[in-house]
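Residue numbers (my numbering): 1212 to 1380.
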């Protein structure tokens, strides 16, 4: 019997070091909730917006995300959220000093950026936590960008409806 074939989840023929906006989701192996927990503080009838209280590992992940532009000068982290068992990012490739670059000397690539981030976290905490791959979406246009930005912004408040949420995990 042949082993199951892994599904190709990258756009065939697409150059992932091409300047542009990318929506990325990276998950923890087996969706274990180790990056933090979603909390919502209420006082009487007033509740503050939900946010994620990061664990120690969650803080390591946040630091790795914030280091991306330092290791990749042509990349900007435009928006991110760290959820209990996954992260969402909007990465802008081809960005330097507040402007989009036309011809960078050495372009960063989505696979290279994410490999470096995952590796930095693994090295710091001493064990691997990530799924092998990641989900990506090439952002096409202002409406697509706004929809994704809003999704990331409101993700903690909608945690129990999230496709990565698993009761009791």
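For glycine and all other residues, C-beta sits at the position ideal for the given N, C-alpha and C.
A residue is called buried when at least 16 other Cβ atoms come within 10 angstroms of its Cβ; residue 1326 does not meet this threshold and is exposed. The DSSP-derived three-state label of residue 1302 is strand. Residue 1246 sits in coil when the DSSP states are folded into three classes, being neither helix nor strand. A contact between stretches requires three or more CB pairs, one per stretch, nearer than 8 Å, and the segment 1262-1272 meets this requirement with the segment 1288-1297. Secondary structure within the segment 1336-1368: the beta strand (DSSP E) runs of 3 or more consecutive residues, fully enclosed, are 1346-1349 (chain order). Rounded to whole angstroms, the gap between the alpha carbons of residue 1280 and residue 1263 is 23 Å. Counting along the chain, residue 1235 sits inside the beta strand (DSSP E) bounded by residues 1231-1238.
Along the length of the segment 1251-1277, whole beta strand (DSSP E) runs at least 3 residues long occupy 1262-1265, reported in chain order.
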